[in-house]
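In order, the protein sequence lines correspond to chains C and Z.
In this text, residue positions in the first sequence follow numbering that gives the first Met the number 0: the first is 0, and each later residue adds one.
In this text, residue positions in the second sequence follow numbering that gives the first Met the number 0: the first is 0, and each later residue adds one.
Remarks on the structure that follows.
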Amino acid sequence: MDAIAQYLAMGGYARFVWPAYGVAVIVLAVMVIASVAGWRRQQRLWAVIEAAGHGRRRASARR
Amino acid sequence: MHRFANPARFMRLSSALMPWCAAAAAACLLAGFYLALFVAPPDYQQGEAVRIMFIHVPAAWMASFVYGLMALASAVALIWRHPLADIAAQGAAPLGAGFTLLCLVTGSLWGEPMWGTWWVWDARLTSVLVLFFLYLGYIALVNAFDDPTRGARAGAVLALVGVVNLPIIKFSVDWWNTLHQPASVFRMGGPTIDRSMLIPLLIMAVGFMLFFAWVLMLRMRTAIVASRVRAARMGEITATEPPERTAAESLP
Chain C
0 MDAIAQYLAM GGYARFVWPA YGVAVIVLAV MVIASVAGWR RQQRLWAVIE AAGHGRRRAS
60 ARR
Chain Z
0 MHRFANPARF MRLSSALMPW CAAAAAACLL AGFYLALFVA PPDYQQGEAV RIMFIHVPAA
60 WMASFVYGLM ALASAVALIW RHPLADIAAQ GAAPLGAGFT LLCLVTGSLW GEPMWGTWWV
120 WDARLTSVLV LFFLYLGYIA LVNAFDDPTR GARAGAVLAL VGVVNLPIIK FSVDWWNTLH
180 QPASVFRMGG PTIDRSMLIP LLIMAVGFML FFAWVLMLRM RTAIVASRVR AARMGEITAT
240 EPPERTAAES LP
């Protein structure tokens, strides 16, 4: 228990080290979440167009 | 190179590469975090605060690298009009801004205990702040035009002009008396940092790089699908004209 508390204290630098790692996790997570959300949104829009029968020729013409 | 500039080929290539890239990025980042937090020794001067380095330094490298890539893609877009170059530059910009922000925040968190200040207007810190604003300016400029092509062109010019900042960032610590320390990894005569810290640092840097590659591919795929959606809608609006022609003209 003491060992864990001592580790988390980071030699007195806990209030600098942990926020740094926290910010890193947040920044990387935001990049992934925002990018995946954008991908899903465009996939949905494209699915609607496909379902309506539009754009199918264009898509195949490009492949 | 022209072969890879084909959107359809890029879609195939990226969908094959992305799972491997994601797995490798996750492995490197997990290993990097573990090594940085549990294995790397405390510094003889800085104690445990040195662990901030394993985030700060890779983030700083990515901040510059992503800008260099963005400028290169912008040059390719302006000169050869490769359809994927603008998409790559625009996909990279928010990621570069994120890495720069991470670099600035962790730098601040490292500066307070080591230098006794969150911020100083020294050459290194200021030039990185300028880099952050260049990213934001680029993103704002690209989105400021109704016509995406004009926005892309204006953004590409800004990205190229801003590239002058990269050598300033790199050499600021040599050219001026900065509070920020000079390079200790990429320097003449080899790294001055001990292996026990260098190896976790490099693993973390590789993790950041693979992570960036994965997210960039995802964003580029998103942009390609978005351009197809735009083209299809344009075809609907101008239904009197042959839709194929309209769609082909608005290809990225």
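For every residue, glycine included, the Cβ atom is placed at its ideal position computed from N, Cα and C.
- Between the region 92-106 of chain Z and the region 120-137 of chain Z there are three or more inter-stretch CB-CB distances shorter than 8 Å, so the stretches are counted as touching.
- Interface flag for Met9 of chain C against chain Z is set, since a Cβ pair is found closer than 8 Å.
- In this structure, Ser126 of chain Z sits away from Trp117 of chain Z, with a CB-CB distance that is not shorter than 8 Å.
- In this structure, the beta-carbon distance from Asn164 of chain Z to Leu124 of chain Z does not fall below 8 Å.
- Neighbourhood of Met0 of chain C in chain Z, by CB distance below 9 Å: empty, with the nearest CB roughly 18 Å away.
- The secondary-structure analysis by DSSP pairs Gly46 of chain Z across a beta bridge with Z:Asp42.
- Counting of Cβ neighbours within 10 angstroms places Trp60 of chain Z among the buried residues, the total reaching 16 or more.
- Collapsing the DSSP output to three states places Pro190 of chain Z in coil.
- For Gln5 of chain C, no CB of chain Z lies under 8 Å from its own CB, so it is not counted at the interface with that chain.
- Within the same chain, Pro190, Thr191 and Ile192 come within 8 Å of Ser183 of chain Z by CB-CB distance, once the 5 residues on both sides are set aside.
- Cβ neighbours of Pro41 of chain Z within its own chain (closer than 7 Å, five residues either side excluded): Glu47 and Val49.
- In the three-state reduction of the DSSP assignment, Ser183 of chain Z falls in the coil class.
- Membership of Asn164 of chain Z in the alpha helix (DSSP H) is indicated by the continuous run Asn164 to Trp174.
- For Thr116 of chain Z, the closest Cβ of chain C is not nearer than 8 Å.
- Chain-order list of chain C residues neighbouring Pro41 of chain Z: Gly10, by C-beta distance under 7 Å.
- Judged by beta-carbon spacing, Pro6 of chain Z lies within the 8 Å limit of Leu83 of chain Z, meaning their Cβ atoms are closer than that value.
- Within chain Z, Val228 and Ala231 have C-beta atoms less than 7 Å from the C-beta of Ile48 of chain C, given in sequence order.
- Under the 10 Å beta carbon count, Leu16 of chain Z is surrounded by fewer than 16 other beta carbons and is classified as exposed.
- Along the region 23-38 of chain C, the positions whose C-beta sits under 8 Å from a C-beta of chain Z are Ala23, Val26, Leu27, Val29, Met30, Val31, Ala33, Ser34, Val35, Gly37 and Trp38, read in chain order.
- Within a 10 Å sphere around the beta-carbon of Ile25 of chain C sit fewer than 16 other beta-carbons, which makes this residue exposed.
- Close partners of Phe210 of chain Z in chain C (Cβ separation under 7 Å): Leu27.
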